[in-house]
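Student: Got a structure for you, written out below as structure tokens; questions coming shortly.
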């Protein structure tokens, strides 16, 4: 079982990092047979996201989840009084998310690239993106940030979930960059200090929230930003 999982993850990352396949095609492939959810430990991931999002003090509102995948953010928020729209470019991932959240009238999904999808400005109280900010094209960080700013309501929140960039993660990104992966993915735009810097002056970083309470399990962190009302 472990060997099969490692083989799956290796094939997934090879497709994402090194192949000529589109990201949409890669995730259509990895979503089959629920292997993606097993590889990321969907239940544990969802519980971590729920812990992060509990730090966002919203009793109700409208949420936009970018690159929603198989619906981890949606599951984490489904019991809160919120209307949630999940957007993803992979039809395979969306189909799994829709099955999970079937019957949840406050949750809907839309296929689209989060850089270009057409959405109403000043619509959302909270926007999230989990483990997908690396798909923002290089040199398009400001364009992306301005779009998030426009979509959010006054005093809205933007939560970016990434891996905590300790020494080993930074070394891993450096190795990938040396292998040329940074030509396809925006690896540095996953490091918390760079994300915070790129989002200025549109957002203020309010808190860095860990996904889990175990010291040895701080693999995911949530960067909780607040929209700046004065520019």
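Residue numbers (my numbering): 44 to 274. In this text, a Cβ means the ideal position worked out from N, Cα and C, and glycines have one as well. Only a predicted model underlies this, so the values are computations on that prediction, with no experimental measurement involved.
#1: Could you check the C-alpha separation between residue 59 and residue 213 for me, to the nearest Å?
#2: Less than 8 Å between the CB atoms is what I'm expecting for residue 149 and residue 126, so what's the real figure, rounded?
#3: With hydrogens ignored, establish whether the beta-carbon of residue 75 is closer than 7 Å to any heavy atom of the ligand PLP.
#4: What residue ranges within the stretch 182–247 form continuous beta strand (DSSP E) runs of no fewer than 3 residues, ordered along the chain?
#5: Put residue 124 into one of helix, strand or coil per three-state DSSP.
#6: Assess contact between the stretch 183–197 and the stretch 112–128, defined as three or more Cβ pairs (one per stretch) separated by less than 8 Å. Is contact present?
#7: For residue 94, which of 153, 269 and 251 has the nearest alpha-carbon?
#8: Compute the Euclidean distance between the alpha carbons of residue 243 and residue 142, then round it to the nearest angstrom.
#9: Using three-state DSSP, classify residue 151 as helix, strand or coil.
#10: The alpha helix (DSSP H) that contains residue 269, what's its start and end?
#11: Short of 8 Å in beta carbon distance, which residues of its chain neighbour residue 245, apart from the five on each side in sequence? Order them along the chain.
#12: Would you say residue 179 and residue 158 are within 8 Å of each other, going by their C-beta atoms?
#13: Using CA atoms only, rank isn't needed, just tell me which of 74, 247, 134 and 115 is closest to residue 200.
#14: Quick check on residue 106: does DSSP put it in helix, strand or coil?
#15: With 16 other CB atoms within 10 Å as the buried threshold, where does residue 47 fall?
#16: For residue 159, report the span of its beta strand (DSSP E) as first-last.
#17: Can you look up residue 171 in the DSSP assignment and give me helix, strand or coil?
Tutor: Per the coordinate set shown:
#1: Going from the Cα of residue 59 to the Cα of residue 213 covers about 19 Å.
#2: Rounded to the nearest angstrom, the Cβ distance from residue 149 to residue 126 is 5 Å, consistent with a contact under 8 Å.
#3: The ligand PLP is not part of the structure shown, which contains no ligands of any sort.
#4: Annotation note: the stretch 182–247 contains the following uninterrupted beta strand (DSSP E) runs of length 3 or greater, listed N- to C-terminal: 195–206.
#5: Of the three classes helix, strand and coil, the one that applies to residue 124 here is strand, per DSSP.
#6: Too few Cβ pairs lie closer than 8 Å, so no.
#7: Scanning 153, 269 and 251 for the CA closest to the CA of residue 94 turns up 251.
#8: Using only the alpha carbons, I get a separation of about 38 Å.
#9: In this structure, residue 151 counts as strand in the three-state DSSP scheme.
#10: First-last for residue 269: 263–270, but that is the beta strand (DSSP E), not the alpha helix (DSSP H).
#11: Counting only Cβ-Cβ distances below 8 Å, and skipping sequence neighbours, we find 188, 189, 191, 192, 270, 271 and 274.
#12: Residue 179 is a Cβ neighbour of residue 158, given a cutoff of 8 Å.
#13: Comparing alpha carbon positions, the residue from 74, 247, 134 and 115 closest to residue 200 is 247.
#14: DSSP places residue 106 in strand when its eight states are reduced to three.
#15: By the neighbour-count rule (16 or more Cβ atoms within 10 Å), residue 47 is not buried but exposed.
#16: Residue 159 -> no beta strand (DSSP E), and no H or E assigned at all.
#17: Note: residue 171 maps to strand in three-state DSSP.
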